[in-house]
Structures are given as C-alpha cells and as structure tokens.
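A short worksheet on the structure shown next.
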Amino acid sequence: MTDIDVVPTPAPPGAAGTSGRRKRRRWVADLARPSAAGAFAVALGLVFANDGFWLTVITSSAILYVLVAAYNVIFGYAGLFNLAHVAIYGVGGYASVVIETELGVSFWVSVPMAMGVALVASLVVALPTSRLGGAFFALGTLAFAIAATEVTTGWDEVTGGANGYLGIAPPIIGDTVLFAGELSFYWLVAAVAVVCFEIFYRFGESRVARELVAVRESVVAAQTVGIDPWRRRMLAFTISGTFAGLAGALVAHQMLFISPESFSLHIMINVLIVVLIGGGGTRLGPVIGVVALVAIQEAGEQLGDMSNLIFGAAIILIFAFAPRGLVGVGRSIAQRLPSDSWPRRIGARPVPFEVAALPESEVGAASRRLEVAGVDLSFAGVTALQGVGLAVESGEVLGLIGPNGAGKTSMVNVVSGMVRPQAGSVRLDGDELVGLAPHAVARRGVVRTFQSARMIPEFDLITNVVLGRGQAARSTLVEQMLDLPRSRRDEEEAYYHGLGLLELVGVREHAHQTAGDLPYGVVRRAEIARALAGDPAFLLLDEPGAGLSNYEREEIAEAIRAAVSRGVGCLLIDHNVEFVSALCARLVVFAQGRVIAEGASAEVLAQSSVIEAYLGGASR
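UniProt numbering puts the first residue of the sequence shown at 1, with every later residue one more than the last.
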C-alpha cells in the first residue's frame, strides 16, 4: 500500500503566546495554500489564453484532478479497490444533462442535483459490497460498472444509447456562454478544482482520514478503539462518489456530447494509475499524478505517437523503483537530509514545552463492574468455553491464567465483542454487551489489546494514541472532514491528552517516532496508552508481556499500575505466572475451557488442580 500522508494531530496548547503564534501560523497557511493554488491556476490560464489546444489540455487536467482526488479518498485512504468509480463519474455526467434537459433547469442547478444522484448511486454500490474484502469487493464493484454501461447503452430514450447524448447546452453566466476551449470555461473549471483542492487537502489532515487509514491497515484494531469500519467505508463511498459526480457533470459540459465510451473502464485504469504514480493516501499525490500523466502523454505525442509506450515504461519504473509514488520518493529524499535541514518525517512536529500532568480519568469517580456469567463457546464442534464466569471491579487487576488452549483469549474475544457466544452474558454495570459489535463495546467502556501489538506502523505514537480518542470529539463529522476550528480544538485536546497518556506509560519521549521504527516493548506500552485514550472503564490485556525481556515486562507492569491508579479495571492474561501474580490480588484459572480455580493469588497458585494443569493435566 502507498505511503500515508495524514498529518499528526496539532501541537498542544502551551505557554502564553505559543498557542497564539501557532494559530496565526495556521491561519496564514490556510490562507496561503488556496491562494497559491488559485494563483497557479490563473497563471496557467493567462499563459495559454490564446492557445486553444493547451487551454483544452489544462481544462481536462483540472477535471481529471477532481476525479482522481475523489478516487484517492476511497482507494488511497480507505484502501478500497472500487472499480465502479468511473461508472459513478458517468452517472454524474448523464444525470446533469438529463436533469437540465428534462426539468428545464440551468447548469448551476443541475450540477448539485447530479452530485446528489451520484451520491445515491455510490450508496447503491456500497451497501452490498462494503463488507466484502479483497478480490470479492473488486468484482462486486466491477459488476456495477458493467451493469451501468449496459443501462446507458440500452436506455435509448433517456441516455441516447450507444449513439450518445446530443444537444447539451454549455453553462451560461449572465450573457456569457462558457464554451469549452475558451478561457471562460477554463476559469469555471479552475475555480472548481481549486475549491476541491482545498477541501481534499483539509480532508487529508482530518480525523476522518486518520480513521480511514486505521480501518485500511487493521479493521480489528480500529474496532477495538471505537471506530465503526462499516460507517467509515460508507463515508468514503459517499465523499468519493459525490465528487466523481461533479467531475462527470463538468466533463459532460466540456464535451457537449457524452456516450458510454466517455466513461469506459480504460478511464478507470488511467485514474488508478494516476493515483499510484502520485502516491495514494497523500494530499499532493493526485496533483502530481495528473501532472505526470499529462507530461508523459505530451512527451509521447512529440516523439511520434509513442505516448502508450512511454506511459507503459513510466508505470513499470514507478512500480519497480517508487511503489509509494512520486510523493513517496520526495519523502524518502527529505528523510535522508540532515535533521537540522529538514524534518526527519514530513509532518512530524516537535513539542516545544513540557506536558502538564494528565487529568484524572472520569471513570475513577464511581465504582463499576464487568461481569461474565455462564458463557459457552464452541467452534465447529470444538468447545472453547464451558459455562465460565468472572467479575472485575473498578481499580482492580484480575489475573486470568491457564495453559495453552485453556480458552483465555476466547474469553477476551467474547467480552470485547469479537465473538458471540452460544450462551451466557457479559454485563457492564448490569447492561448486556453480548450482541454488540466490537466498536460499540469499546464505546461503552471496554477496550482490549492483543497478543501482538496492532499499531499503525506508518503513524507516529501520538497519532496512534489519538485514534482512541474519537468518541470524545464535540465537532460534527463535516467539521472534522473540513478541519474546521472546532475540530482543531478537539484535535489539540486529544493531542494533549495523548501526550499525557504516553507520559503515564513511560514512553513520552517517543511520541513523534514512527511506531514501525520503535522497539517492541515501547510499542506495547503505547498500545496501552491508546486503549486508555477513550477513558475506558475496563482494559482487557491479552498477554501484554509476551516476547518482552524482564526489564520491559516490568515497564509494562508499571504502565498497568498507572492505569489502575486512575480507576480503570483490568483483566490481565499472561503466561508468566510471576508477572501476573505480582500485579493481581485475585486470579482465575482456566483449563480446557472451564474455571478450575478462583481466589487470592497465593491460595490459587498453591492448589493441586492448578499445578496439575500447568504440568500437563490439560492439553490444547
């Protein structure tokens, strides 16, 4: 998968004056970015004002940018290989001209309506396919694309069929008719492209983009911090389809004629290649990809219709030597520069001051109880759990031990909602959790970790931790997508909270280092910080000390004690009995899917049934 360009959350508020300077810098950047994009678009228009060919090229490139940037949302950020994207592009094109003709409305009314039709069409594709994975998802969306082509070809009375749709009227502003190939139409398309650039740039910095990347990298890990993968994927479809519809409406009014060939699968291939060349999941990738495509095509034409040959060679070179796209190449070069000349990681921001003490968790204010009773679980006739039960209170660490195959992880899977048992209940303060999806369980206050740390390796630690803070946001979804002021305040608070948690677990100094570059012990502690980010009532820690040295295991123990000191209850699973007994006043012992002992740690470990289970009385 391509490189990730989701900017880490902004620096926390600091001493007097620091926050104000940062806000002024952000305001200047917000003003300078669209101004620079607009100035570039104006410069292009003025340079080629009297050259009809190049004016058409840059107009088409601006429309292509909108289409590619829309696809970057669903493919680059969400990781969904949606082959119906160009079909949605066609839906927007046909909808705009049919609405304009049949309803007698203007271009300015038909385009937003066409975007709405494209949005609905995207949801029609998404509902049956968004839960599929891999090749099945691609085939499902391809089926829609093929069906859309058949509909437009066969529905002669509406779409014009294979002969195409004629008689499309160009846009009009006052007495000015905006014909394609003229400067007036270019100004319209350029204005739309600049606005879209700013929208997609802000989207790339948003919490929504981070969560899409988290779902792309690990659906399970995203669920355990309260992110609903299905809703996020549906959102990606919605955003991508809406802007694809906009691009379709623009291209229809550029060509003044559309047919099924105008939205064929070869365009889908070009869009995909442009995203990959530029760098999927990056803010500048679509811009760079479109520029590269135009340069390759024009260079090929200059050499005598060799554009296809040069295009193919460029694709091979990109895939062979720059699998993360041209943006990834630039990032690699920047990272090799001396650290005092350029940030070692583009987008990473140093923290200019010490972090204040983390506020006490709200969960410590009242005693809470997590209770499991009578749980039965089996897979294909193999019994994993038989009538098991346990209870954990706020501020307590309950140890769950047993030999391999005893059912410990199965218990955690049941409590966290990953698996639904055949019988039994899981209650938080008396409310039933069985039947809830994992993200819903996490949002209720029960969060888990895994035997192997599931952090997003391309994110730095603080960005990983902030993923768990989404449910605390006060801003709306639109505010988050557009990175508006209230969303930025949420981000600052989340960042501040996340730094405090990293300090709590003892890895604060690694906050801006990429998770994939850090020692395993550091990442394990950061995973606990991420689990704490949403102020959960209970943590389910599945072998947090696995694969660690004694020193690292003691650091994990300190992180657990720090969490418990804030009123969080913990269910701790680990094979290291010494590690567990040092943290837990009470133990529950599983063997062959049943509870064989429960009580004070010293008493339980002295029981003959427990000793026998560990010495071979129970098997996997």
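Think of the CB as a built atom: it goes at the ideal place given N, C-alpha and C, for glycine as much as any other residue.
Which word fits residue i, buried or exposed, when buried means at least 16 other C-beta atoms lie within 10 angstroms of its C-beta?
{"i": "G569", "result": "buried"}
{"i": "P544", "result": "buried"}
{"i": "N464", "result": "buried"}
{"i": "V35", "result": "Per the sequence shown, the amino acid found at residue 35 is Ser instead of Val. Under this definition S35 is an exposed residue."}
{"i": "S341", "result": "Confidence in S341 is poor, its pLDDT being 34 and thus under 50, which makes the residue's placement too unreliable to answer from."}
{"i": "I611", "result": "exposed"}
{"i": "E458", "result": "buried"}
{"i": "Y165", "result": "buried"}
{"i": "E211", "result": "buried"}
{"i": "R488", "result": "buried"}
{"i": "F136", "result": "exposed"}
{"i": "V208", "result": "buried"}
{"i": "S608", "result": "exposed"}
{"i": "F53", "result": "exposed"}
{"i": "I316", "result": "exposed"}
{"i": "P338", "result": "With a pLDDT of only 49 at P338, under the threshold of 50, the placement of this residue in the model should not be trusted; the figure read from the coordinates follows. So P338 ends up on the exposed side."}
{"i": "G500", "result": "buried"}
{"i": "L46", "result": "exposed"}
{"i": "N550", "result": "exposed"}
{"i": "G278", "result": "buried"}
{"i": "Q422", "result": "exposed"}
Tell me which same chain residues have a C-beta within less than 7 Å of the C-beta of residue i, skipping the five on either side of it?
{"i": "G140", "result": "P128, T129 and L132"}
{"i": "residue 622", "result": "This structure cannot settle anything about residue 622, because the visible part of the chain is limited to 1 through 620."}
{"i": "R469", "result": "A494, H497, G498, A533 and G534"}
{"i": "K408", "result": "L400, G402, I573 and F590"}
{"i": "D443", "result": "Reading the sequence as shown, one finds Arg at residue 443 and not Asp. Here the set comprises G226 and Q471."}
{"i": "S61", "result": "V290 and V294"}
{"i": "I267", "result": "V86"}
{"i": "V98", "result": "V158"}
{"i": "G547", "result": "Y520"}
Quick one: what's got a C-beta closer than 6 Å to residue i's C-beta in the same chain, skipping five residues either side?
{"i": "A162", "result": "T153"}
{"i": "T149", "result": "P260"}
{"i": "N413", "result": "V419"}
{"i": "F450", "result": "D542"}
{"i": "A406", "result": "F590 and A591"}
{"i": "V426", "result": "V372, V415, L433 and V434"}
{"i": "E603", "result": "none"}
{"i": "A606", "result": "none"}
{"i": "R232", "result": "E211, L212 and V215"}
{"i": "Y186", "result": "G45, L55 and T59"}
{"i": "F107", "result": "P171"}
{"i": "N576", "result": "G545"}
Since residue i is in the beta strand (DSSP E), which residue starts that stretch and which ends it?
{"i": "A597", "result": "R594 to A600"}
{"i": "residue 630", "result": "No statement about residue 630 is possible, as the shown extent of the chain runs from 1 to 620 and does not include it."}
{"i": "I401", "result": "V397 to I401"}
{"i": "E543", "result": "Careful: E543 lies outside any beta strand (DSSP E) and carries neither H nor E."}
{"i": "E393", "result": "V382 to E393"}
{"i": "E458", "result": "No beta strand (DSSP E) contains E458, which DSSP labels as neither H nor E."}
Over what stretch of residues does the alpha helix (DSSP H) that includes residue i continue unbroken?
{"i": "R488", "result": "P485 to L504"}
{"i": "I560", "result": "N550 to S565"}
{"i": "T242", "result": "P229 to M255"}
{"i": "R216", "result": "R207 to E217"}
{"i": "A107", "result": "Sequence check: residue 107 is Phe here, not Ala. Segment F107 to T129, the alpha helix (DSSP H) holding F107."}
{"i": "F136", "result": "G134 to G154"}
{"i": "F197", "result": "L183 to G204"}
{"i": "R469", "result": "Neither: R469 is in no alpha helix (DSSP H) and is coded neither H nor E."}
{"i": "V274", "result": "L265 to G278"}
{"i": "F379", "result": "Not the alpha helix (DSSP H): F379 falls in the beta strand (DSSP E), residues R369 to F379."}
{"i": "R530", "result": "Y520 to L532"}
{"i": "F579", "result": "V577 to L583"}
{"i": "L587", "result": "Note, L587: premise wrong, no alpha helix (DSSP H); beta strand (DSSP E) at R586 to A591."}
{"i": "V478", "result": "L477 to M481"}
{"i": "V610", "result": "S608 to E612"}
Within the 9 Å Cβ cut-off, does residue i reach chain D?
{"i": "L377", "result": "The structure shown contains no chain D, having only a single protein chain."}
Tell me which same chain residues have a C-beta within less than 8 Å of the C-beta of residue i, skipping the five on either side of it?
{"i": "E396", "result": "V564, G569, C570, A585 and R586"}
*Please go through the region 404-444 and give each complete beta strand (DSSP E) segment of 3 or more residues, from N-terminal end onward.*
423-428
*contact_flag[the region 167-180, the region 454-471] where n(CB pairs < 8 Å) is 3 or more*: no
*Which ranges would you report for the alpha helix (DSSP H) in the region 17-98 if only whole runs of at least 4 residues count?*
18-47 and 52-71
*Are the region 93-107 and the region 278-286 touching, with three or more C-beta to C-beta distances below 8 Å?*
no
*Are the region 105-125 and the region 234-249 in contact at 8 Å, needing three or more beta carbon pairs?*
The count of Cβ pairs closer than 8 Å, one atom from the region 105-125 and one from the region 234-249, reaches three, so the stretches are in contact.
*Say whether the region 227-241 touches the region 68-85, bearing in mind that this needs 3 or more beta-carbon pairs closer than 8 Å, one atom from each stretch.*
yes
*Taking three-plus beta-carbon pairs below 8 Å as touching, is the region 474-487 in contact with the region 554-566?*
no
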